[in-house]
């Protein structure tokens with residue numbers, strides 16, 4: 070048996086997987102976010118431990134004596150600061166915290182950061198947060214002995230060791246992403262050294278073993294291996310089997326991700342594409358990220374007093390985009406705009422814009438944002454032949470038909486099942502325990518394939534052109 074733990078922003082999920090990769094038990098525990106000031110987003114690391122204890126308590130009801138390994142997945146970019154005694158110095162500054170936007174711009178102005186990391190220094194990344202702490206909380210800065218990402222703090226609790234892995238660490242702005250190692254020069258540019266960082270392993274490699282006291286508490290055998298694991302999107306890539314060049318998935322969650330695996334390192338920071346190490350050796354991945362996906366639909370549903378499912382369920386067959394255009398930038402945008410200040414809009418509203426037309430506009434706006442991500446990935450040489458659809462939004466056939474047509478790319482819909490970060494983490498645990506590799510990260514069974522609607526291709530091309538024109542118009546608004 071293998072356990073996968075996925076430390077998300079709103080909760081921690083655990084799955085128990087057998088040797089045939091069948092999930093035999095799962096459990097979740099909620100987490101909350103603290104926002105003490107505008108733009109701040111924090112969590113107490115002690116809450117992660119409590120959530121993990123709750124999840125393991127529940128999984129233990131299924132019997133854990135056969136567990137060989139535990140894999141970890143987690144929200145990326147969070148800054149967990151520890152002193153010499155591994156005591157937490159302040160709440161963790163999360164991925165969606167924007168307080169360090171000035172520090173991020175300052176670091177990004179140094180060409181070394183893009184050259185070595187292959188990425189823009191975004192405000193949500195880890196390095197600018199430490200520069201902010203140095204500037205605004207000097208008493209805490211002086212005591213920082215280790216900086217860990219969220220899931221790696223969970224690992225410290227499980228094993229007693231400071232260990233990270235490449236896929237998560239690539240989102241810190243301290244990793245030489247091509248070399249898959251910390252950069253002493255990048256660390257020095259933020260006042261840190263390699264001694265402040267955990268040692269690195271590959272995601273599919275062992276990182277340590279479970280502490281005996283914890284194993285005894287939940288009935289696990291001695292010597293349970295803790296795998297390196299992965300950042301949440303890389304672990305999800307392992308979970309859905311997107312680990313080989315040419316494979317890709319589109320995730321329609323709160324935020325949206327267009328994720329492609331690569332067998333080489335091909336960064337292009339100017340596109341605002343994220344180029345990170347994958348959770349498997351000698352593999353990288355690229356992501357286009359949009360900040361409001363189902364979040365945009367849920368916002369609109371709340372405004373009109375309906376449920377998201379109710380709105381999409383009344384749409385019928387796919388239609389050509391209308392005159393109403395929706396820009397889904399409710400809280401800024403990552404790919405390709407790299408803007409924390411841009412905001413959303415409805416344009417082209419008319420008497421004919423009823424609730425269904427507005428719903429279609431919202432779905433189309435997010436769809437066209439995915440097309441922008443596709444174009445940004447293409448600019449780096451990454452081609453998408455087909456897409457796996459995952460996430461809550463993938464339950465809408467209308468949305469998937471729009472995506473297939475706008476991107477002119479078949480969309481594969483897996484059979485029902487959980488192929489997310491926790492399942493990917495369990496697969497990484499299996500690899501660490503057995504020495505297996507990418508061959509065990511198989512693609513899920515496909516329930517159906519949604520082909521692009523050739524009769525609407527030109528209409529969606531024209532709709533995207535209107536979207537691009539509207540994007541140019543609103544970017545100058547404050």
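In my numbering, the protein residues as written are 70 to 547.
For each residue, glycine too, the CB sits at the ideal point set by N, CA and C.
Small disclaimer: the values here were computed from a predicted structure and weren't measured.
For a test of your reading of the model: does the CB of residue 160 fall under 7 angstroms from any non-hydrogen atom of the ligand HEM? Yes or no.
What this structure holds is no ligand at all, so the ligand HEM is not there to describe.
What does a CB cutoff of less than 7 angstroms around residue 252 pick up in its chain, not counting 5 residues either side in sequence?
By one-based count along the chain shown, residue 252 stands at place 183. Result list for residue 252: 185, 243, 244 and 245, in chain order.
So, do the stretch 530-545 and the stretch 489-497 have three or more beta carbon pairs nearer to each other than 8 angstroms?
no
Taking the CB atoms as reference points, tell me whether residue 176 and residue 200 lie closer together than 8 angstroms.
Within the chain shown, residue 176 is the residue found at index 107, counting from 1. Within the chain shown, residue 200 is the residue found at index 131, counting from 1. Their beta carbons are under 8 angstroms apart, which means residue 176 touches residue 200 by this criterion.
Pick out whichever of 324, 428 and 503 has its Cα sitting closest to the Cα of residue 461.
By 1-based counting over the chain shown, the position of residue 461 is 392. Checking every option, the nearest Cα to that of residue 461 belongs to 324.
With distances taken Cα to Cα, identify the nearest neighbour of residue 138 among 447, 292, 513 and 477.
Here residue 138 is taken as the residue at index 69 of the chain shown, counted from 1. That would be 292, whose Cα lies nearest to the Cα of residue 138.
Over the uninterrupted alpha helix (DSSP H) stretch that includes residue 466, give me the two end residues.
Taking the chain shown and counting its residues from 1, the one referred to as residue 466 is at position 397. Residue 466 -> alpha helix (DSSP H) spans 466-476.
On the three-state DSSP scale, how would you describe residue 394?
Taking the chain shown and counting its residues from 1, one reaches residue 394 at position 325. Reduced to three states, the DSSP call for residue 394 is strand.
Could you tell me whether the Cβ atoms of residue 421 and residue 397 are closer together than 8 angstroms?
Working through the chain shown from its first residue, we reach residue 421 at position 352. Working through the chain shown from its first residue, we reach residue 397 at position 328. Cβ atoms of residue 421 and residue 397: not closer than 8 angstroms.
Would a C-beta distance cut-off of 8 angstroms place residue 255 and residue 182 closer than the cut-off?
Within the chain shown, residue 255 is the residue found at index 186, counting from 1. Within the chain shown, residue 182 is the residue found at index 113, counting from 1. In contact: residue 255 and residue 182 (Cβ atoms closer than 8 angstroms).
Please classify residue 241 as buried or exposed, where buried requires at least 16 other C-beta atoms within 10 Å of its C-beta.
What you label residue 241 is simply residue 172 of the chain shown in a count that begins at 1. So residue 241 ends up on the buried side.
In the DSSP assignment, what are the bridge partners of residue 251?
Reading the chain shown from its first residue, position 182 is the one you call residue 251. Paired residues: 244.
Leaving out five residues before and five after residue 458 in sequence, what residues of the same chain have Cβ atoms less than 6 angstroms from its Cβ?
Your numbering for residue 458 matches position 389 in the chain shown. Hits under 6 angstroms: 319, 469, 480 and 482.
Contact under 8 angstroms by Cβ, residue 142 with residue 233
As a first step, residue 142 must be located in the chain shown, where it is residue number 73. As a first step, residue 233 must be located in the chain shown, where it is residue number 164. Cβ atoms of residue 142 and residue 233: not closer than 8 angstroms.
Considering only the alpha carbon of each residue, which of 456, 305 and 360 lies closest to residue 316?
Taking the first residue of the chain shown as 1, we reach residue 316 at position 247. Minimum Cα distance to residue 316 is reached at 456.
When you compare each of 429, 362 and 382 to residue 401 by their alpha carbons, which one comes out closest?
In the chain shown, the residue the question calls residue 401 occupies position 332. Of the candidates 429, 362 and 382, the one whose C-alpha sits nearest the C-alpha of residue 401 is 362.
Is the beta carbon of residue 382 less than 8 angstroms from the beta carbon of residue 353?
The residue labelled residue 382 in the question sits at position 313 within the chain shown. The residue labelled residue 353 in the question sits at position 284 within the chain shown. No. Outside cutoff.
Assuming residue 235 and residue 212 are in contact, meaning their beta carbons sit under 8 angstroms apart, how far apart are those beta carbons, in whole angstroms?
Here residue 235 refers to the residue found at position 166 of the chain shown. Here residue 212 refers to the residue found at position 143 of the chain shown. Not really, about 28 angstroms apart at Cβ, beyond 8 angstroms.
To the nearest angstrom, report how far apart residue 218 and residue 281 are at their CA atoms.
Stepping through the chain shown from its first residue, residue 218 is reached at position 149. Stepping through the chain shown from its first residue, residue 281 is reached at position 212. If you take the alpha carbons of residue 218 and residue 281, they lie about 24 angstroms apart.
Can you give the beta carbon distance from residue 449 to residue 529, rounded, assuming they're within the 8 angstroms contact cut?
Position 380 of the chain shown holds residue 449. Position 460 of the chain shown holds residue 529. The pair is not a contact, with the Cβ atoms about 23 angstroms apart (cut-off 8 angstroms).
Taking the alpha-carbon positions, what's the residue 375 to residue 424 distance?
Along the chain shown, one-based indexing puts residue 375 at 306. Along the chain shown, one-based indexing puts residue 424 at 355. Their backbone Cα atoms lie some 10 angstroms apart in a straight line.
For residue 149 versus residue 108, is the C-beta spacing smaller than 8 angstroms?
Position 80 of the chain shown, counted from the first residue, corresponds to residue 149. Position 39 of the chain shown, counted from the first residue, corresponds to residue 108. Cβ atoms of residue 149 and residue 108: not closer than 8 angstroms.
In angstroms with no decimal places, state the Cα-to-Cα distance between residue 472 and residue 520.
Here residue 472 refers to the residue found at position 403 of the chain shown. Here residue 520 refers to the residue found at position 451 of the chain shown. One C-alpha to the other measures close to 10 angstroms.
Nearest to residue 49 by alpha carbon, out of 531, 202, 87 and 306?
This structure leaves residue 49 out entirely; the chain is present only between 70 and 547.
Measure the C-alpha to C-alpha separation of residue 385 and residue 428 and round it to an integer number of angstroms.
Here the question's residue 385 lines up with position 316 in the chain shown. Here the question's residue 428 lines up with position 359 in the chain shown. Cα to Cα, residue 385 sits roughly 12 angstroms from residue 428.
Quick check: the Cα distance between residue 209 and residue 145, rounded to an integer number of angstroms?
On the chain shown, position 140 is the one that residue 209 refers to. On the chain shown, position 76 is the one that residue 145 refers to. Cα to Cα, residue 209 sits roughly 22 angstroms from residue 145.
If I follow the unbroken alpha helix (DSSP H) through residue 203, where does it start and stop?
In the chain shown, residue 203 corresponds to position 134, counting from 1. Start and end: 195-205.
Cα-Cα separation, residue 147 to residue 161:
On the chain shown, position 78 is the one that residue 147 refers to. On the chain shown, position 92 is the one that residue 161 refers to. About 6 angstroms.
Sequence-distant residues of the same chain with beta carbon closer than 6 angstroms to residue 350, five excluded per side:
Indexing the chain shown from 1 puts residue 350 at position 281. Only 271 meet the Cβ criterion.
8 angstroms contact criterion, which residue 298 and residue 215 should meet: CB distance rounded
Taking the first residue of the chain shown as position 1, residue 298 is located at position 229. Taking the first residue of the chain shown as position 1, residue 215 is located at position 146. Not quite, the Cβ-Cβ distance comes to about 18 angstroms (not below 8 angstroms), so this is no contact.
What distance in whole Å lies between the Cβ atoms of residue 131 and residue 93, which are believed to be in contact at a cut-off of 8 angstroms?
To locate residue 93, count along the chain shown from 1; it is residue 24. To locate residue 131, count along the chain shown from 1; it is residue 62. Contact flag correct, Cβ pair sits at about 6 angstroms.
Unbroken alpha helix (DSSP H) runs of length 4 or more, entirely within the stretch 472-545: which are they?
490-503 and 526-543
So, helix, strand or coil for residue 309, using DSSP?
In the chain shown, residue 309 corresponds to position 240, counting from 1. If DSSP states are grouped into helix, strand and coil, residue 309 belongs with the helices.
Candidates 190, 301, 454 and 539, of which the one nearest residue 434 by Cα:
Locating residue 434 in the chain shown gives position 365, where the first residue counts as 1. Measuring from the Cα of residue 434, the nearest candidate turns out to be 539.
Which residues does DSSP pair with residue 331 in a beta bridge?
Working through the chain shown from its first residue, we reach residue 331 at position 262. The partner list for residue 331 (beta bridge, DSSP) reads 353.
According to DSSP, which residues form a beta bridge with residue 296?
Here residue 296 corresponds to residue number 227 of the chain shown, with the count starting at 1. According to DSSP, residue 296 bridges with 275.
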